[in-house]
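Worksheet for the structure shown next.
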Amino acid sequence: MEAIVLSAEWSPKPGFKLGSKDVEGKLSYLGSRVWRDPHLSIQDVKTPQIGDDEVLIEVKACGICGSDVHMAQPDADGYIYYPGLTAFPVVLGHEFSGVVVEAGGKAIDKRTGKRYQGGEAVCAEEMFWCSYCRPCADGYPNHCEALQEIGFSVDGAFTKYAVVNARYLWNLESLKKVYAAEEDLFTAGSLVEPASVAYNAVIERGGGIRVGDNVVILGGGPIGAAAAAILRRAGAANVILSETQRERAELGLRMGATHVVNPQKEDFAQRVLEITDGMGADLYLEATGLPHIVFPDIEKAIWEGKALNATVVIVARADAKIPATGEVFQVKRASIVGAQGHSGHGTFPRVISAMAAGMDMTPLCTRKISLRQVPEHIIMLRDDRKECKITALL
Ligand SMILES: [Zn+2]
Ligand SMILES: [Zn+2]
9 MEAIVLSAEW
19 SPKPGFKLGS
29 KDVEGKLSYL
39 GSRVWRDPHL
49 SIQDVKTPQI
59 GDDEVLIEVK
69 ACGICGSDVH
79 MAQPDADGYI
89 YYPGLTAFPV
99 VLGHEFSGVV
109 VEAGGKAIDK
119 RTGKRYQGGE
129 AVCAEEMFWC
139 SYCRPCADGY
149 PNHCEALQEI
159 GFSVDGAFTK
169 YAVVNARYLW
179 NLESLKKVYA
189 AEEDLFTAGS
199 LVEPASVAYN
209 AVIERGGGIR
219 VGDNVVILGG
229 GPIGAAAAAI
239 LRRAGAANVI
249 LSETQRERAE
259 LGLRMGATHV
269 VNPQKEDFAQ
279 RVLEITDGMG
289 ADLYLEATGL
299 PHIVFPDIEK
309 AIWEGKALNA
319 TVVIVARADA
329 KIPATGEVFQ
339 VKRASIVGAQ
349 GHSGHGTFPR
359 VISAMAAGMD
369 MTPLCTRKIS
379 LRQVPEHIIM
389 LRDDRKECKI
399 TALL
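Going by our numbering, the sequence shown opens with residue 9, and the numbers climb by one from there.
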């Protein structure tokens, strides 16, 4: 079967030391320090075999993620941009949905409590948490110490068949009543993963909101736009999206934002205070990856607004330091929390049940392509900010 494979050369930077969980020449938790000359290709790979607790899935839809773009993008020295867990060569693709073809004897469907029968529509978590380590045992699978990630360190879903342990799978049968067409069903299913990243950030880590709260989302990419839908549905009075790109601003409004602020053309804090009648927001989501640029604006809105107890959630990954002023967070009882991942805490099933009740994520997908078009679109997304989610249909 054809698969989109990413290869790169193992060439550690001077001073790089193999981490305790790294595997020489094959796997690193610090990808951008060891991998250079990334190369995308369409290769013929073997159809995988399943184990006792695994499921063979015929992939129907798989979205391109920013991390796919960064894994395949070399910097000035030829090293990949993506800083995290990677083992090459690997079949890319982790935002996917499909149909169960074959299930091992112990591959239990959490919807029925029985073995998968075959024919069920499913999606998968991207994080293969181990369940044995201390964070997993304590109920924090997003912080697993022995994490593997599909499409990063194990073969992913830009291909015809993928294998996933049943514990990471979620049944999508409940979406069939809202998405009659197969294409819509599986497109929606492929968006559960990024929507769950947004849900984990604003509800689980950010503490959620109360009906009537005001929220600000900085950055209208897939995570920010999904967060707009979730927070609007959670009862936010005003969902203010800060975004400079016109297409992303329009998509944000379609997803649930009530207002868009362009911080390059308007005074961000002043606009937030105008919209919220002088209060400022209760929740701020940093989804730009440019904390050094947006943080002074966030602080100004918190400082000048009347609202106490604002929470700033950091979901975008960035190397840059956050310029925070203790005084602002002390006087305004504000806090900053980090958010990572999408597993555990009932997040996937809640996102799926909200989607089954009409929370439509499918507008996030702004372009549909074939499997063979994936490499050129991964490269195109290095510069393009007009598209939101590009999804391969198989
Ligand atoms: Zn992703
Ligand atoms: Zn673990």
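Ideal Cβ positions, reconstructed from N, Cα and C, are used throughout, including at glycine. The structure presented is a predicted model; accordingly, all values stated were derived computationally and were not measured.
Query                                                                                                                                                                 : Result
Where alanine 324 and glycine 214 are concerned, what is the direct C-alpha to C-alpha distance, given to the nearest angstrom?                                       : 14 Å
Give the secondary structure of leucine 38 by DSSP, where H, G and I count as helix, E and B as strand, and everything else as coil.                                  : coil
When the distance is taken between beta carbons, is isoleucine 65 closer than 9 Å to alanine 170?                                                                     : yes
Per DSSP, what kind of secondary structure is histidine 102 in: helix, strand or coil?                                                                                : coil
Could you give the DSSP three-state label for threonine 319: helix, strand or coil?                                                                                   : strand
Mind listing which residues have their beta carbon within less than 7 Å of any non-hydrogen atom of ligand 2? Chain order is fine.                                    : Trp137, Cys138, Ser139, Tyr140, Cys141, Pro143, Cys144, Pro149, Cys152, Glu153, Ala154 and Leu155
In the DSSP output, which residue or residues are listed as bridge partners for glutamate 10?                                                                         : Asp52
Start and end of the alpha helix (DSSP H) containing valine 200?                                                                                                      : 200 to 207
CB of glycine 74 to nearest heavy atom of ligand 1: below 8 Å?                                                                                                        : yes
Could you tell me which whole beta strand (DSSP E) segments of length 3 or greater appear in the segment 94 to 180?                                                   : 103 to 111, 129 to 132, 169 to 173 and 177 to 179
In three-state DSSP terms, what is aspartate 45?                                                                                                                      : strand
Would you kindly work out how many angstroms separate the C-alpha atoms of glutamate 62 and proline 230, rounded to a whole number?                                   : 29 Å
Mind checking who tryptophan 18 pairs with in its DSSP beta bridge?                                                                                                   : Trp43
At a cut-off of 8 Å, would you count histidine 102 as near ligand 1, judging by its Cβ distance to the nearest heavy atom?                                            : yes
Glutamine 253 and arginine 393 look like a contact to me (Cβ under 8 Å); what is the Cβ gap, rounded to whole Å?                                                      : 5 Å
Taking the alpha-carbon of valine 42 as reference, which of Gly59, Leu293 and Pro91 has the nearest alpha-carbon?                                                     : Pro91
Here's a check: name, in chain order, each residue in its chain whose Cβ is nearer than 6 Å to the Cβ of alanine 365, leaving out the five neighbours to either side. : none
Within 10 Å of its beta-carbon, does glutamate 384 have 16 or more other beta-carbons around it, so buried, or fewer, so exposed?                                     : exposed
With hydrogens ignored, establish whether the beta-carbon of proline 202 is closer than 8 Å to any heavy atom of ligand 1.                                            : yes
Confirm the yes/no value for this check: CB of methionine 134, any heavy atom of ligand 1, distance under 8 Å.                                                        : The sequence shown places glutamate at residue 134, not methionine. Within the cutoff, so yes.
Let me know if alanine 84 comes out buried or exposed under the rule of 16 or more other beta-carbons within 10 Å of its beta-carbon.                                 : exposed
Run the CB neighbour count on lysine 329, radius 10 Å, all protein chains shown included, and call it buried at 16 or more, exposed below.                            : exposed
Are the beta-carbon atoms of alanine 233 and methionine 263 separated by less than 9 Å?                                                                               : yes
Closest to valine 67 by CA distance: which of Phe194, Tyr37 and Lys25 is it?                                                                                          : Phe194
How is the alpha helix (DSSP H) around alanine 362 delimited, first residue to last?                                                                                  : 355 to 364
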